[in-house]
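Asker: Under numbering that gives the first Met the number 0, the first residue of the sequence shown carries the number 0, and numbering increases by one thereafter.
Cβ coordinates follow ideal geometry from the N, Cα and C atoms, glycine included.
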Amino acid sequence: MSILVNESTRVLVQGITGSFGGRHAKLSLDYGTQVVAGVTPGKGGQLFEDQVPIFDTVCEAAAETGATVSAIFVPPPFAADAILESVDAGLDLVIAITEGIPVVDMMKVREAMKGTPTRLIGPNCPGLVTPGTGPQSHGGCRIGIAPGYIHKRGSIGVVSRSGTLTYEAVFQLTQLGYGQSTCVGIGGDPINGTSHQEVLAMFEADPETEAVIMIGEIGGSAEEEAAAWYREHGSKPVAAFIAGATAPPGRRMGHAGAIISGGQGTAEAKKAALAEAGIAVAESPADMASTLVSLLSS
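1) Looking at the ligand SAM, does it come within less than 7 Å of A266, judged from the CB to the closest heavy atom?
2) When the Cβ atoms of the segment 1-10 are set against those of the segment 75-87, are three or more pairs found closer than 8 Å?
3) Could one say the Cβ of T16 lies closer than 8 Å to chain C's Cβ atoms, at least one of them?
4) Taking C-alpha atoms, which residue in T97, A24, G41 lies nearest to R9?
5) Please work out which residues of its chain come closer than 8 Å, Cβ to Cβ, to M287, disregarding the five sequence neighbours upstream and downstream, and give them in chain order.
6) Taking P189 as the reference, which of S220, T173, G176, F47 has the closest Cα?
7) With a 10 Å radius around its C-beta and 16 neighbouring C-beta atoms as the bar for buried, classify H254 as buried or exposed.
8) Which two residues bound the contiguous alpha helix (DSSP H) that contains E203?
9) Taking just the CA atoms, how far does F47 sit from I15?
10) Of all the beta strand (DSSP E) runs that stay within the bounds of the segment 132-214, which reach a length of 3 or more residues?
11) Rounding to the nearest angstrom, what Cα-Cα distance links L90 and A61 in this structure?
12) Could you tell me the boundaries of the beta strand (DSSP E) in which T129 lies?
13) Between A78, S293, A285, E224, which has its C-alpha nearest M106's C-alpha?
14) Only counting the same chain, and skipping five residues up and downstream in sequence, which positions put a Cβ closer than 8 Å to that of R118?
15) In terms of residues, what are the limits of the beta strand (DSSP E) holding G37?
16) Is T129 closer than 8 Å to K151 when the C-beta atoms are compared?
17) Round the Cβ separation of A210 and P236 to the nearest angstrom and send it over; I've been treating them as touching at under 8 Å.
18) Once the 5 residues before and after V198 are set aside, which same chain residues still bring their CB inside 6 Å of it?
19) With burial defined as no fewer than 16 other Cβ atoms inside 10 Å of the residue's Cβ, what is the status of A242: buried or exposed?
20) Give the DSSP bridge partners of S323, in chain order.
21) Measure the C-alpha to C-alpha separation of G41 and L291 and round it to an integer number of angstroms.
22) Report buried or exposed for V108, applying the criterion of at least 16 other Cβ atoms within 10 angstroms of its Cβ.
23) How long is the line joining the alpha carbons of H195 and I142, rounded to whole angstroms?
24) Classify Q179 as buried or exposed, calling it buried when 16 or more other Cβ atoms lie within 10 Å of its own Cβ.
25) Per DSSP, what are the beta-bridge partners of E216 in this structure?
26) Taking the beta strand (DSSP E) that P284 belongs to, which residues open and close that run?
27) For the putative contact between P125 and A145, defined by C-beta atoms under 8 Å, what is the C-beta separation to the nearest angstrom?
28) What would DSSP say about V51, mapped onto helix, strand or coil?
29) State the Cα-Cα distance for the pair F202 and S234, rounded to the nearest angstrom.
30) According to DSSP, simplified to helix, strand and coil, what is I82?
31) For L26, name the three-state secondary structure that DSSP assigns.
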């Protein structure tokens, strides 16, 4: 098993005719992902890579192809409407890759999604990968921008606010011989769809996942909330890393959500909360996988 997506998941790409969306849709196709539709208003009836039909609307694309997941590669001013179009179409999952969506737009999205069955991952995230079993993990489900070839099918879950550190953790795990069940980039914006805590709960319920690497960063309280949940409900080994511990006071990090206010959300506070919950904390990003492996071998 895996969480959220698997090799049979049928994916549509909103913004597939843009340079960024098109490049990564092609990489997903090459990886073996079931990219069954593209959506770009005004370009319905065309084909992407001579094989993927393009539709004018998400509703039309989902009805014609059976797609249940959408990847958003739409420019920031239009991305919120793109997310809500997939919500209105009743898709199971929307993965918003777009960076720079205005906070007020995401506030409206969050309000509009209340009570709907659609889950949102992101925005400003690298997406998801459930590795396949072929060479360089070919045959899995890659949605977003992560390099698929560094993955290896296995039993370690990864959840992260940072795209780059997600890839680093995956590469370390693969180099040490440990594969991944699903890798989830939840994004670094202050208002996103899915939290560390929710992904930890999914990994806890997934029989294929035996342990988890969780990557957080300064700002907000999501990591402390995940630690509190783990203390009460977690049974699988978890290793964590918090990025930004050496950030100079007052310096704004790259992610919009990495803002420390009133002394809350510091790296030290997060690491203390994780340790108190029984989560092993790596002090360096170079030690993320080895910290987890030490738990598995102890």
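Answerer: In brief:
1) No copy of the ligand SAM appears in this structure; indeed no ligand is present at all.
2) In short, these stretches do not touch, since the Cβ pair count stays below three.
3) The chain labelled as chain C is not found in the depicted structure, where only one protein chain is given.
4) Measuring from the Cα of R9, the nearest candidate turns out to be A24.
5) Residues of the same chain with a CB within less than 8 Å of the CB of M287, apart from the 5 flanking positions on each side, are L164, E167, A168, Q171, I212, I214, A238, F240, A281 in chain order.
6) For the set S220, T173, G176, F47, the Cα lying nearest the Cα of P189 is the one of S220.
7) If you draw a 10 Å sphere on the C-beta of H254, you find 16 or more other C-beta atoms in it, and that means buried.
8) Looking at the DSSP string, the run of the alpha helix (DSSP H) that includes E203 is 195-204.
9) C-alpha separation (whole angstroms): 8 Å.
10) Every beta strand (DSSP E) of 3 residues or more that sits fully in the segment 132-214 is shown, in chain order, as 140-143, 152-159, 179-184.
11) Cα to Cα, the separation comes out at about 8 Å.
12) Element bounds for T129: 126-129.
13) Comparing C-alpha distances from M106 to each of A78, S293, A285, E224 shows the shortest one belongs to A78.
14) The residues L3, D91, L92, V93, G192, T193, in chain order, have a CB closer than 8 Å to that of R118 in the same chain once the five nearest residues on each side in sequence are set aside.
15) G37 -> beta strand (DSSP E) spans 33-38.
16) Against a cut-off of 8 Å, the Cβ pair of T129 and K151 comes out as no contact.
17) So it is a contact: roughly 4 Å between Cβ atoms.
18) Cβ contact annotation for V198 (same chain, cutoff 6 Å, sequence separation greater than five): V158, V183, in chain order.
19) A242 should be labelled buried.
20) Coverage of the chain is limited to positions 0 through 297, which leaves residue 323 absent and any answer about it impossible.
21) Their Cα atoms are separated by approximately 49 Å.
22) Burial is judged here by how many other beta carbons sit within 10 angstroms of a residue's own beta carbon; V108 has at least 16 and is buried.
23) If you draw a straight line from the Cα of H195 to the Cα of I142, it is about 19 Å long.
24) Counting the other Cβ atoms within 10 Å of the Cβ of Q179 gives 16 or more, which makes it buried.
25) DSSP output for E216 lists A242 as bridge partner(s).
26) From DSSP, P284 is part of no beta strand (DSSP E); its letter is neither H nor E.
27) So it is a contact: roughly 5 Å between Cβ atoms.
28) V51 falls in the strand class under three-state DSSP.
29) Taking the straight line joining both Cα atoms gives about 10 Å.
30) DSSP places I82 in helix when its eight states are reduced to three.
31) Three-state DSSP puts L26 in a helix.
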